[in-house]
Structure formats: C-alpha cells, structure tokens
Amino acid sequence: MSRVLVTGADGQLGKCLRDASKSYNEHTFVFVNRTQLDITDAESVKRYFSESSFQYCINAAAYTNVEKAESDEANAYLINAEAAGNLAEVCKEHGTKLIHVSTDYVFDGEKGSPYLEEDKTNPISVYGASKLKGEAYIQEKCEQHFIVRTSWLWSQYGHNFYNSMLRFAEEGRDLKITTDQLGTPTNANDLAEALLGIVAADNDSYGVYHYSNEGEATWFDFAEAIFTHSGKLEAVTLEKTDHYRTFAARPGYSVLSKEKFFRHFEAPRLDWQESLKKLINNQ
Ligand SMILES: NC(=O)c1ccc[n+]([C@@H]2O[C@H](COP(=O)([O-])OP(=O)(O)OC[C@H]3O[C@@H](n4cnc5c(N)ncnc54)[C@H](OP(=O)(O)O)[C@@H]3O)[C@@H](O)[C@H]2O)c1
C-alpha cells in the first residue's frame with residue numbers, strides 16, 4: 002500500500018486521476034490544488050513533505066498555455082522547470098518516487114516516424130523548452146523518477162480541444178481546422194490509468210517514458226471524429242486549412258513510440274478513436 006500525493010489536482014489530468022484512483026482502494030491518495038500547495042513555493046513544498054510521508058508524488062501541476070508561454074516565459078519556466086526541480090529535490094530528501102508528466106513538444110517534429118525516449122530533443126516553443134528544462138532538473142535531482150511524455154491531451158474536464166469542439170457545435174460555428182500537424186490525441190483518463198499503473202507496478206524502472214493513445218491524426222481528423230461520434234457533424238461547417246496562425250511553433254510530427262512503457266507497466270492500449278467513442282458513449 003502506498004500513500005500518493007497528486008499536485009495540480011484541479012487540472013484536467015488531476016481530475017482524471019481523482020476518478021481513476023477510486024479503483025485503487027489499496028492506496029491512499031491526497032489531492033492538492035494550487036491553493037492548497039503551490040509547487041513554486043519551495044518552503045511550502047518542504048513543509049508539506051515534512052508533515053506527511055508519501056511513497057509517490059504525481060506532479061500534474063504545470064503551466065500548459067502553449068500560446069501564452071511565448072510572452073510569459075518567466076512564469077512558464079518557474080512552474081514547468083524550477084518548481085518541478087524543487088519538487089524533485091524534496092522527493093529525493095524524503096525517498097518519494099516522483100512521477101512527472103512531460104510533453105511531445107520537447108521534439109522539433111522533424112523525425113517523421115514515432116519518437117523514441119532516447120531521440121534527440123529540440124523544442125521549438127517556450128512551453129516545450131520549459132518542460133524539457135523541468136525534465137533535466139528532475140533527472141539531476143531525484144534518481145527515483147518516472148518522466149512520462151504524452152501528447153494532445155483531452156477529456157471531459159477543463160479547457161481542451163474536445164470540449165472546445167463540442168461548444169463550437171452548440172454555437173453552430175464555421176470552422177477551419179489545421180492539417181499541418183500529425184500526432185496522437187490522448188484521453189487524459191487513459192493517461193491517468195497509465196500513471197496509476199506505475200504506482201501499481203511499484204518497481205524501480207526509473208527513467209523517461211512515452212505514453213499516448215494509439216494511432217495518429219491531424220487536428221482536422223480529431224475534430225471530424227469528435228463531431229461524427231457525438232452526432233454533431235451537421236451542426237458545424239468544417240473546412241481544412243494548412244496555415245493556421247499561432248504565436249507558438251508546434252512540431253509538424255509528434256507521434257510517440259510507447260513500446261518501452263508497455264514493457265514495464267500495465268495501461269490502456271486504445272486507439273485514439275476507440276477511446277473517443279468510449280468516452281462519448283459513457284457521457
Ligand atoms: N494539455 C495537453 O494537451 C498536454 C499535452 C502534453 C502534455 N501535457 C502535460 O500534461 C500535464 C497535465 O496537463 P493538463 O492538461 O491536466 O493541464 P491543466 O488542465 O492546465 O492543469 C494544470 C494544473 O496545474 C495547476 N497549476 C499551475 N501552476 C501551479 C502551481 N504553481 N502549483 C500548483 N498547481 C499549479 C493549474 O492550476 P491553475 O488552473 O490555477 O493554473 C491546473 O490546475 C502537464 O504536465 C502538461 O504539461 C499536456
């Protein structure tokens with residue numbers, strides 16, 4: 002039995018972890034949101050860990066606004082890099098295993114075939130660079146770490162592409178959706194199960210891992226699937242574009258190879274469309 006601390010509990014992944022944890026009665030979970038534990042406040046983090054002991058800490062707290070990060074570099078680095086590093090230091094001091102979530106945006110997208118954990122990183126956005134720096138701090142400060150890179154997270158919770166598309170359908174919008182990126186939409190509920198799979202395995206296979214749903218898609222494919230499977234295709238006008246302007250550059254290709262993860266841990270292995278249908282049918 003482990004005591005597991007989850008930071009960033011009110012975010013999309015934090016909420017999915019809360020739901021998924023209900024099937025893991027053998028473990029005790031403590032969920033803390035930003036108000037209860039601000040991970041940038043090193044003193045509070047130290048105090049928190051000295052008052053309770055945890056076998057695992059799952060860091061679901063992050064600065065995730067990819068666009069805003071371009072003009073808010075200091076905050077992106079503070080949360081994604083410095084705070085992740087502080088958390089790693091405190092985990093090391095208390096013998097807590099740190100499960101940290103990172104991103105496909107640490108890659109530049111030039112590879113053209115699924116990225117392996119050891120492939121060369123080369124972020125092309127502030128967000129990606131800040132997340133990569135966080136990985137480096139964790140690797141340096143806490144040997145007992147599991148860094149799990151994932152991609153294109155969506156779920157029933159929070160601000161994400163899936164919820165935006167459903168809202169646009171309600172509003173009957175005309176939409177132009179980009180075809181210039183290829184990646185894998187990942188249901189954050191499946192990622193939550195995968196992270197809890199690490200806790201359940203309770204082994205010492207520390208290191209960097211990739212986890213996402215299976216298959217690949219453009220954002221246009223993802224939008225079309227959301228509208229099709231939710232029966233809302235008629236509610237919108239959907240058009241492809243290959244030049245959607247954004248502040249932040251994004252990798253043109255960011256499909257991740259998941260083989261290493263599945264060699265060490267149990268987790269849902271679902272095609273992104275299957276996972277999408279499953280969630281829509283259960284809502
Ligand atoms: N979303 C994606 O498409 C995607 C893709 C690849 C990887 N990831 C990674 O997946 C992880 C989970 O992302 P998500 O989609 O669940 O993000 P999210 O919904 O934005 O949740 C992040 C949570 O962290 C909290 N937070 C921010 N600063 C904090 C601080 N200083 N102390 C404590 N909590 C803080 C946020 O609170 P506030 O709302 O108050 O700021 C929010 O509740 C992140 O590591 C992200 O980088 C995400």
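Take 2 as the starting number for the sequence shown in my numbering and just add one per residue. Heads up, the beta-carbon is just placed ideally off N, CA and C, and yes, glycines get one too.
Would the beta-carbon of Arg168 be found less than 7 Å away from any heavy atom of ligand 1? Proximity of the beta carbon of Arg168 to ligand 1 is not indicated: no heavy atom of the ligand is located closer than 7 Å.
Please return the same chain residues whose Cβ sits closer than 6 Å to the Cβ of Ser1, not counting the five positions on each side in sequence. Not covered by the structure: residue 1. The range shown for the chain is 2 to 284.
Rounded separation between Ala268 and Lys142 - CA only: Going by the C-alpha atoms only, they are around 27 Å apart.
Which residue comes first and which comes last in the beta strand (DSSP E) that contains Tyr57? It spans Tyr57 to Asn60 - the beta strand (DSSP E) in which Tyr57 sits, taken as one unbroken run.
Hey, how far is the Cα of Ala6 from the Cα of Ala202? Correcting the residue identity first, residue 6 is Leu in this sequence and not Ala. If you draw a straight line from the Cα of Leu6 to the Cα of Ala202, it is about 17 Å long.
Once DSSP output is grouped into helix, strand and coil, what is the label at Lys134? Residue state, collapsed to three classes: helix.
Closer than 7 Å: is that where the CB of Gln13 sits relative to any heavy atom of ligand 1? Yes - ligand 1 has a heavy atom lying nearer than 7 Å to the Cβ of Gln13.
Under 7 Å Cβ to Cβ from Thr122, same chain only, skipping five residues before and after it: list those, please. The beta carbon of Thr122 sits closer than 7 Å to those of Val107, Phe108 and Leu133, all from its chain and outside the five residues before and after it, given in chain order.
Who are the near neighbours of Gln284 in its chain, counting only those whose CB is closer than 8 Å to its CB and skipping five residues on each side? Listed in chain order, the non-local C-beta contacts of Gln284 below 8 Å within the same chain comprise Gln157, local neighbours out to five positions each way being set aside.
Near Glu217, what residues of its chain come up, given a Cβ to Cβ distance below 6 Å and the 5 sequence neighbours on each side ignored? In its chain, beyond the 5 residues on either side, Leu183, Thr185 and Val256 have a beta carbon closer than 6 Å to the beta carbon of Glu217.
Following a CB-centred definition, is Ala189 positioned closer than 7 Å to any heavy atom of ligand 1? Ala189 Cβ: within cutoff of ligand 1.
Let me check one thing: in DSSP terms, what residues is Phe221 bridge-paired to? The secondary-structure analysis by DSSP pairs Phe221 with nothing; it has no beta-bridge partner.
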